[in-house]
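Chains as they are written, first to last, in my numbering: chain A, 1 to 94; chain B, 101 to 194. Accompanying notes for the structure given below.
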DNA sequence: CACCTATTTAGAAATCTATCTAAATAGTAT
DNA sequence: ATACTATTTAGATAGATTTCTAAATAGGTG
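Set out below in structure tokens:
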């Protein structure tokens with residue numbers, strides 16, 4: 001939802017790994033969870049954090065929920081870093 | 101020190117604001133602290149987190165400690181995000 | 001309908017984080 | 001040496017985060 005949330009979301013290694021997994025295309029919650037050594041409930045929690053940060057979106061189909069990467073927010077993140085570096089391509093933020 | 105630490109360091113708004121302040125050039129711990137409504141000890145804690153993440157470096161002079169931005173790590177961060185977007189300019193990480 | 005599968009929600013415990021106050025360090029200057 | 005200034009370290013605490021187990025939802029299927 002906010003800039004703040006995006007940075008928070010990216011601060012956890014599990015969540016970054018989820019994003020990396022999604023680079024390969026949409027995946028169901030279960031498929032994502034099978035990549036980790038933790039309960040589905042925990043992975044579901046991480047997915048909710050990523051969703052709140054708008055880093056992923058979901059699409060329900062049958063009784064599966066598929067998740068996909070949302071690039072828009074990643075670009076905003078890069079703009080912030082770019083601005084920090086001094087590339088005054090775009091304006092300040094936060 | 102590690103990639104992990106950098107993301108963690110960036111996840112706090114106070115620390116991001118410190119980095120933004122340092123965009124304008126090096127500043128002493130005291131000058132940085134005067135920009136916040138919190139004790140010097142707390143700001144010192146945040147500086148230590150940024151330092152551990154290699155996002156800033158320090159330089160002692162007289163009995164002041166000056167802090168400056170370290171761009172190298174910011175670039176690594178951008179590479180990670182860039183890679184997530186699919187720009188396979190450089191290799192994977194973590 | 002009764003059941004099975006996929007996923008989330010709720011509640012609790014353990015760990016981590018941000019903040020404060022008080023004390024320690026260290027360099028300057030008198 | 002004593003005192004002053006700048007900053008950090010230590011110890012404590014309130015609040016946030018991650019993880020688990022158990023239960024709730026919700027959509028298919030026999």
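Where a beta carbon is used, it is the ideal one built from N, C-alpha and C, also for glycine.
Next on the checklist: Strictly under 9 Å for the Cβ-Cβ distance: is residue 194 of chain B near chain A by that measure?
Outcome noted: Translated into positions along the second chain, residue 194 of chain B becomes position 94. For residue 194 of chain B, the predicted structure reports a pLDDT of 46, less than 50, and the residue's modelled location is therefore unreliable. A value from the coordinates is still provided. Output row for residue 194 of chain B: interface = yes.
Express the C-alpha separation of residue 62 of chain A and residue 104 of chain B in angstroms, rounding to a whole number.
Within the second chain, residue 104 of chain B is the residue found at index 4, counting from 1. Within the first chain, residue 62 of chain A is the residue found at index 62, counting from 1. The alpha-carbon atoms of residue 104 of chain B and residue 62 of chain A are separated by roughly 37 Å.
Would you decide whether residue 111 of chain B is buried or exposed? Buried here means 16 or more other CB atoms lie within 10 Å of its CB. Translated into positions along the second chain, residue 111 of chain B becomes position 11. With 16 or more other Cβ atoms within 10 Å, it is buried.
Next on the checklist: Using DSSP's beta-bridge definition, name the partner residues of residue 28 of chain A.
Outcome noted: Looking up residue 28 of chain A in the first chain gives position 28. For residue 28 of chain A, which the question treats as bridged, DSSP gives the partners A:66.
Less than 9 Å between CB atoms is the rule here; does residue 186 of chain B satisfy it with respect to chain A? Numbered from its first residue, the second chain carries residue 186 of chain B at position 86. Yes - at least one Cβ of chain A is within 9 Å of the one on residue 186 of chain B.
Notebook entry, point to check: Mind checking if residue 48 of chain A is an interface residue toward chain B, Cβ cutoff 9 Å exclusive?
Noted result: Indexing the first chain from 1 puts residue 48 of chain A at position 48. Not an interface residue.
Practice prompt. Could you name the residues of the stretch 120-149 of chain B whose beta carbon sits closer than 8 Å to any beta carbon of chain A, in the order they occur along the chain?
Written response: 120, 123
* Asked: At a Cβ threshold of 9 Å, is residue 152 of chain B touching chain A?
  -> Here residue 152 of chain B corresponds to residue number 52 of the second chain, with the count starting at 1. False, the Cβ-Cβ gap to chain A never drops below 9 Å.
Q: Can you have a look at residue 93 of chain A and say buried or exposed, based on whether 16 or more other CB atoms are within 10 angstroms of its CB?
A: In the first chain, counting from the first residue as 1, residue 93 of chain A sits at position 93. Only weak support is given to the placement of residue 93 of chain A: the predicted model assigns it a pLDDT of 45, under 50, and the question is left unresolved by the model.
Would you check whether the ligand PLP has a heavy atom nearer than 8 Å to the C-beta of residue 102 of chain B?
The ligand content of the structure shown is nil, which means the ligand PLP is not present either.
Note to self: Does the CB of residue 114 of chain B have a neighbour CB from chain A at under 9 Å?
What the structure shows: The residue labelled residue 114 of chain B in the question sits at position 14 within the second chain. Output row for residue 114 of chain B: interface = no.
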